[in-house]
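*Asks:* To start, I am sharing the structure in question, which I have written as structure tokens.
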Amino acid sequence: MKIQNIILIIAVIALAITPLLIIKPVSDGAELFTGADSQAETLISEIHPDYTPWFTPLWEPPSGEIESLLFALQAAIGSGVLFYTIGFFRGRKKAAAVK
Amino acid sequence: MHIMEGFLPVEHAIGWGLASAPFLVYGFKKLSDEMKKDSANRLMLGSAAGFTFVLSSLKIPSVTGSCSHPTGTALGAIVFGPGIGFVIGFIVLLFQALLLAHGGLTTIGANTFSMAIVGSMVAYGIFKLGKQLGLNLKVTVFLAACLADLATYCTTSLQLALAFPDPVSGFTGAVVKFMGIFAVTQIPLAVSEGLLTVLVLNVLGQHAPDSLKTTLPYIVKDARS
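Structural data, given as structure tokens:
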């Protein structure tokens with residue numbers, strides 16, 4: 000089981016790193032690895048140049064730093080709860096086994 | 000898969016909102032049932048939500064040269080049924096719409112439909128089907144999570160094509176264009192999501208108390224040794 004888990008982790012890391020290694024910057028200097036969501040936004044404005052969004056976000060992170068702060072916060076909250084649970088279950092099982 | 004704020008025409012925004020609403024009502028009812036069970040069950044609910052929070056915050060590079068993120072909704076749907084997946088996905092989308100300007104309030108109906116509803120239903124459906132066919136459970140979980148992820152992004156492509164048909168090639172042409180952005184990019188990420196879902200269930204299954212035996216798809220029998 001342990002070996003299987005390690006293989007799974009390595010596979011996920013490899014899947015994330017491979018694109019970084021095989022995709023080379025193009026000569027026109029276009030930015031690489033932009034978000035698919037914003038590419039869709041660009042495509043919309045190409046297909047329907049006259050479309051204007053009729054609503055804007057109530058609040059937007061004032062800078063890229065603040066945005067990454069909030070994304071990191073989201074991941075931290077999620078992993079906090081997930082790993083608390085794993086640790087709690089593990090400790091409880093161990094304590095029960097000792098008794 | 001986040002359709003940006005204001006980027007769906009009003010009728011579409013309202014339509015997807017109305018389409019998602021009954022699923023969410025059902026989901027919140029399921030959630031209140033699950034919350035009444037023991038504390039181990041509540042922790043398990045929390046970790047399913049936590050998994051979705053983490054996965055949907057990770058923007059991972061893909062072979063197309065763009066970045067996208069997994070969704071993480073399959074775990075909750077596999078363990079607790081699709082209703083819980085609806086609610087978890089919705090909460091994550093709300094968090095991102097309000098704090099990150101990622102997605103939006105006017106598009107939350109459409110985004111909930113693709114990520115929370117279609118994602119959870121596909122995950123649950125594939126999981127049930129795989130079990131019935133007697134497939135290996137881990138392979139089944141992998142397929143369920145992987146295909147749920149892909150289904151979410153295909154749904155987004157359809158939603159956008161419906162709202163923005165190509166002036167020349169129409170709806171079909173637009174589907175192809177949006178799929179080109181979303182679906183292809185998503186393939187390696189969907190594989191990652193499948194692998195991570197198996198991993199998390201491996202670890203949870205190894206340590207979770209016996210009371211969750213009926214809930215978790217696989218509990219390791221020899222965990223105590």
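Just so you know, the protein sequences line up as chains D and U, in that order. In this text, residue positions in the first sequence follow numbering that gives the first Met the number 0: the first is 0, and each later residue adds one. In this text, residue positions in the second sequence follow numbering that gives the first Met the number 0: the first is 0, and each later residue adds one. Quick reminder that beta carbons are idealized off the backbone N, C-alpha and C, glycines included.
1) Using only alpha-carbon positions, find the residue among N40/U, G102/U, S56/U that is nearest to I83/U.
2) Just mark I125/U as buried or exposed, buried being the case when its beta carbon has 16 or more other beta carbons within 10 Å.
3) Out of Q73/D, F87/D, K92/D, I6/D, which has the shortest C-alpha to C-alpha gap to L97/U?
4) Taking 7 Å as the threshold (C-beta atoms), are S67/U and L188/U in contact?
5) Using a Cβ cut-off of 9 Å, pull out every chain U residue sitting near D49/D, in sequence order please.
6) Check each residue of the stretch 113-146 of chain U: if its Cβ is closer than 9 Å to any Cβ of chain D, include it; give the result in chain order.
7) Taking 7 Å as the CB-CB limit, is E59/D close to chain U?
8) Shorter than 7 Å from the beta carbon of F163/U to some beta carbon of chain D?
9) Does the beta-carbon distance from V117/U to T196/U come in below 7 Å?
10) Cβ of R223/U less than 7 Å from any chain D Cβ?
11) Does the beta-carbon distance from L44/U to V86/U come in below 7 Å?
12) Whose Cβ in chain U lies nearer than 7 Å to the Cβ of K66/D?
13) Kindly confirm or deny that the stretch 106-113 of chain U and the stretch 153-165 of chain U touch, where touching means at least three C-beta pairs closer than 8 Å.
14) Could you pull out every unbroken alpha helix (DSSP H) segment of at least 4 residues lying fully inside the stretch 9-81 of chain U, listed in chain order?
15) What's the C-alpha gap between A15/D and T184/U?
16) Within the same chain, show all residues whose beta-carbon is closer than 6 Å to that of D221/U, passing over the 5 residues directly before and after it, in chain order.
17) Between the C-alpha atoms of F94/U and A182/U, what's the straight-line distance to the nearest angstrom?
18) Using CA coordinates, which residue listed in C145/U, F22/U, K137/U is at the minimum distance from V121/U?
19) Starting from L42/D, follow the alpha helix (DSSP H) in both directions and report where the run begins and ends.
20) Which of the residues in the stretch 7-40 of chain U, read from start to end, lie with their CB under 7 Å from any CB of chain D?
21) Could you give the distance in angstroms between the alpha-carbon of T41/D and the alpha-carbon of T70/U?
22) Since D27/D meets chain U, which of its residues come closer than 8 Å, beta carbon to beta carbon?
23) Does the beta carbon of G63/D come closer than 7 Å to any beta carbon on chain U?
24) Going by DSSP, what residues sit across from G169/U in a beta bridge?
25) Could you work out which residue in G75/U, L132/U, V53/U, G88/U is closest to F82/D when comparing CA atoms only?
26) Got a sec: is the Cβ-Cβ distance from I180/U to anything in chain D below 7 Å?
27) Please specify which runs of the beta strand (DSSP E), each continuous and at least 3 residues long, are wholly inside the stretch 74-142 of chain U, giving them in chain order.
28) Using a Cβ cut-off of 7 Å, pull out every chain U residue sitting near V97/D, in sequence order please.
29) Which residues in the same chain as K137/U place their Cβ atom closer than 6 Å to its Cβ, once the five residues preceding and following it in sequence are excluded?
30) Considering E64/D, what are the terminal residues of the alpha helix (DSSP H) in which it resides?
31) Between the C-alpha atoms of K93/D and Q205/U, what's the straight-line distance to the nearest angstrom?
32) Hey, would you say I43/D sits closer than 7 Å to F163/U, going by beta carbons?
*Replies:* In this structure, then:
1) N40/U
2) buried
3) Q73/D
4) yes
5) The premise fails here: D49/D is roughly 11 Å from chain U at the closest Cβ pair, so nothing lies under 9 Å.
6) K137
7) yes
8) yes
9) no
10) The predicted position of R223/U is uncertain, since its pLDDT is 41 and thus under 50; no value can be drawn from it.
11) no
12) It should be noted that the sequence gives Glu, not Lys, for residue 66/D. L99, listed in chain order.
13) yes
14) 9-34, 38-56, 72-79
15) 12 Å
16) The predicted model places D221/U with a pLDDT of 43, which falls under 50 and marks its position as unreliable, so this point remains unresolved.
17) 24 Å
18) C145/U
19) 35-46
20) V9
21) 22 Å
22) Per Cβ cutoff of 8 Å: no residues; D27/D is ~13 Å from chain U at best.
23) no
24) D165/U
25) V53/U
26) yes
27) none
28) Within chain U, no residue comes near V97/D; the closest Cβ sits about 11 Å away, beyond 7 Å.
29) V197
30) 63-97
31) 12 Å
32) yes
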